[in-house]
Amino acid sequence: MLFRSLDSLLDALAAWEAAPVAIKRTPLLETAVEGWIFFVEGAVLRWLEQRDVGRDELRELLQRTLIGALAAGADG
634 MLFRSLDSLL DALAAWEAAP VAIKRTPLLE TAVEGWIFFV EGAVLRWLEQ RDVGRDELRE
694 LLQRTLIGAL AAGADG
């Protein structure tokens, strides 16, 4: 399941015209995006339990960490 989600996400990122970095599929980029997926799962589970962060704040956090993961993964 994760690999289908990863493939779908990487395909969508590759089609993202306003991407902050060039999206070239490499093992490093795949690792960075897969790590981001795990981060999202953890952050959402915490949000569901605690509800001490606003939904918009969580969305912004997830967007910023995705951009960071893409930038880190683009170096390879």
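Numbering (this note's numbering), first residue to last: 634 to 709. Note that beta-carbon positions come from the ideal geometry of N, C-alpha and C, so glycine has one too.
Review point. If you draw a straight line from the alpha carbon of residue 667 to that of residue 658, how long is it in whole angstroms?
Key: One-based indexing of the sequence shown puts residue 667 at position 34. One-based indexing of the sequence shown puts residue 658 at position 25. Roughly 12 Å separates the two Cα atoms.
Exercise for review: Flag this pair as touching only if the stretch 678-693 and the stretch 645-652 have three or more C-beta atom pairs under 8 Å; answer yes or no.
Suggested key: At 8 Å Cβ cutoff, the stretches do not touch.
Point to revise | Classification of residue 706 by the beta-carbon crowding that lies within 10 angstroms, buried from 16 upward | key: Taking the first residue of the sequence shown as 1, we reach residue 706 at position 73. Residue 706 is buried by the Cβ-count criterion.
Exercise for review: Consult DSSP for residue 651 and reduce its assignment to one of helix, strand or coil.
Suggested key: Locating residue 651 in the sequence shown gives position 18, counting from the first residue. Here residue 651 sits in coil by DSSP.
Exercise for review: Report back the beta-carbon spacing between residue 639 and residue 670 to the nearest angstrom; my notes put them in contact at under 8 Å.
Suggested key: Residue mapping note: residue 639 aligns to position 6 of the sequence shown, counting from 1. Residue mapping note: residue 670 aligns to position 37 of the sequence shown, counting from 1. Their Cβ separation, rounded to whole angstroms, is 7 Å, which keeps residue 639 and residue 670 in contact under 8 Å.
Check your understanding: In three-state terms, what does DSSP make of residue 679?
Key -> The sequence position of residue 679 within the sequence shown is 46, counting from 1. Collapsing the DSSP output to three states places residue 679 in a helix.
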